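Remarks on the structure that follows.
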Amino acid sequence: MTVHLKTSYSSPTMKRLPFKTLRHTLTFPAFRLVILAAAVTPRWLSRINACVLGWLLSRLPLPSNRIIEKHIQGVMKDNGIVTKAAGIYSSVLTSFFDFFYLSYRSDSAYRKLVEVSGAENMAEAVSRGTGVIAVTAHFSAWELLPRAVKLLGFETAVVGRSLSQKNASCVLDKLRQKPGIQTVDRDAGASPIVRLLRSGHVLGILIDQSTRGVDSELCDFLGRQAPTPVSPAILAKRLKVPVVTLHITRRKNHRYILEIDKPLFFDEKDSVSDILEQLNNRISSWILSAPEQWVWFHNRWRK
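In this text, residue positions in the sequence shown follow my numbering: the first is 135, and each later residue adds one.
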């Protein structure tokens, strides 16, 4: 079985300008500093820092702000969503600060901040013995999901892409792996994914971004057509692996709740389009419930 997760292509090698080289040189130390600072800073103070930084980012002439403004005038208006760039940035920063903070805390401390609803749904899917495709999105503190699932007693792995800054990417992967989570680079192809599923793992995949080089199909997402990765649907059909959608939300008390939905079962009779539509509808409902906690600065409806 062949499932293409990424289509490789080559491009001419370009010589970096001095300021770009400097930027990449400084990225890793800055990233480490942010992680260390978040790990020792009280969460209430990190939330204040996130609000201040979010406000500052919203005032800068960044490409991401142009994308947010486009979404405010388009998709958000169509769906009755009212939110601002500062709140979006603050939410994402808070989520990462909490991930860094909890990465250096005990399992008991983790459980106090992350409540789980629907653990029986994951248990039902795992009991099939075929592995589970856990579909989620870049919503709220999504980096907290794998450890929460692992603490339920399920072997867990995640599929992701490497950052352009390799050293920073390695540090992030080590944080993800600390609780015993396996990480799979999406560029590695289908073989390691199939192997993990056949060994009974819960495999986390995010499907809410338009990513160049990933096999995708146009599908409705918040009322507009958006490229959606097809690999989870193809794997679910061919391997008859249950699909579980799950997401985490930050509550007003600054704690989190992980909600695990009832498993979905597909086979060869189900079309990829129908599967993707079901998954996108679930993700859309999460976003509508707490729009500020989604990554609106991503160009989801890329033409």
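Backbone N, C-alpha and C define an ideal beta-carbon position, used for all residues, glycine too.
Keep in mind that this is a model prediction, so the values were computed, not measured.
Label residue i either buried or exposed according to how many other C-beta atoms from any shown protein chain fall within 10 Å of its C-beta, with 16 as the threshold for buried.
{"i": "Glu88", "result": "It is not possible to answer for residue 88, since the shown part of the chain is limited to 135 through 437."}
{"i": "Ser229", "result": "buried"}
{"i": "Ala360", "result": "buried"}
{"i": "Phe431", "result": "buried"}
{"i": "Asp321", "result": "exposed"}
{"i": "Cys304", "result": "exposed"}
{"i": "Val216", "result": "exposed"}
{"i": "Leu156", "result": "For Leu156, the pLDDT reaches just 47, beneath the cut-off of 50, and the residue's location in the model is therefore unreliable, leaving the point undetermined."}
{"i": "Ser298", "result": "exposed"}
{"i": "His205", "result": "buried"}
{"i": "Arg384", "result": "buried"}
{"i": "Gly338", "result": "buried"}
{"i": "Pro163", "result": "exposed"}
{"i": "Leu306", "result": "buried"}
{"i": "Ala259", "result": "buried"}
{"i": "Arg281", "result": "buried"}
{"i": "Asp232", "result": "buried"}
{"i": "Leu352", "result": "exposed"}
{"i": "Leu194", "result": "exposed"}
Need the endpoints of the alpha helix (DSSP H) that residue i sits in, please.
{"i": "Leu410", "result": "Val406 to Ser423"}
{"i": "Val348", "result": "From DSSP, Val348 is part of no alpha helix (DSSP H); its letter is neither H nor E."}
{"i": "Gly221", "result": "Ala219 to Leu236"}
{"i": "Ser325", "result": "Ser325 to Arg332"}
My assumption, with CB atoms under 8 Å, is that residue i sits in contact with residue j. Please give the rounded CB distance.
{"i": "Ile391", "j": "Leu380", "result": "No, Ile391 and Leu380 are not in contact; Cβ-Cβ is about 11 Å, not under 8 Å."}
{"i": "Val336", "j": "Val266", "result": "5 Å"}
{"i": "Tyr235", "j": "Ser180", "result": "7 Å"}
{"i": "Leu219", "j": "Ser261", "result": "Looking at the sequence provided, one finds Ala at residue 219 rather than Leu. Not a contact, Cβ separation roughly 44 Å."}
{"i": "Leu373", "j": "Leu331", "result": "6 Å"}
{"i": "Ile201", "j": "Ile222", "result": "The Cβ separation is near 10 Å, so there is no contact."}
Where do the ends of the beta strand (DSSP E) carrying residue i lie?
{"i": "Arg389", "result": "Looking at the DSSP string, Arg389 is not in any beta strand (DSSP E), and its letter there is neither H nor E."}
{"i": "Gly294", "result": "Thr290 to Gly294"}
{"i": "Ala268", "result": "Val266 to Thr270"}
{"i": "Leu187", "result": "No beta strand (DSSP E) contains Leu187, which is instead part of the alpha helix (DSSP H) from Arg177 to Arg193."}
{"i": "Gln427", "result": "Careful: Gln427 lies outside any beta strand (DSSP E) and carries neither H nor E."}
{"i": "Ile382", "result": "Val377 to Arg384"}
{"i": "Pro313", "result": "No beta strand (DSSP E) holds Pro313; DSSP gives it neither H nor E."}
{"i": "Ile339", "result": "Val336 to Leu340"}
{"i": "Pro363", "result": "Arg358 to Pro363"}
Among the residues of its own chain, which have a CB less than 6 Å from the CB of residue i, if the five just before and after it don't count?
{"i": "Trp435", "result": "Arg358 and Ala360"}
{"i": "Ile409", "result": "Ala367 and Phe400"}
{"i": "Ser225", "result": "Glu426 and Gln427"}
{"i": "Leu413", "result": "Val269"}
{"i": "Arg310", "result": "Thr317"}
{"i": "Ile421", "result": "Trp428"}
{"i": "Ile169", "result": "Phe234"}
{"i": "Val283", "result": "Thr290 and Val336"}
Going along the chain, which residues of its own chain have a beta-carbon closer than 7 Å to the beta-carbon of residue i, five neighbours each way excluded?
{"i": "Asp404", "result": "Lys371"}
{"i": "Tyr238", "result": "Ala173"}
{"i": "Thr161", "result": "Gln299 and Ala302"}
{"i": "Ser296", "result": "Ser303 and Asp319"}
Short of 8 Å in beta carbon distance, which residues of its chain neighbour residue i, apart from the five on each side in sequence? Order them along the chain.
{"i": "Phe355", "result": "Asp342, Thr362, Asn414, Ile417, Ser418, Arg434 and Trp435"}
{"i": "Leu227", "result": "Asn183, Ala184, Leu187 and Gly188"}
{"i": "Ser350", "result": "Ser344, Pro361, Thr362, Pro363 and Val364"}
{"i": "His272", "result": "Leu340, Asp342, Gln343, Trp428, Val429 and His432"}
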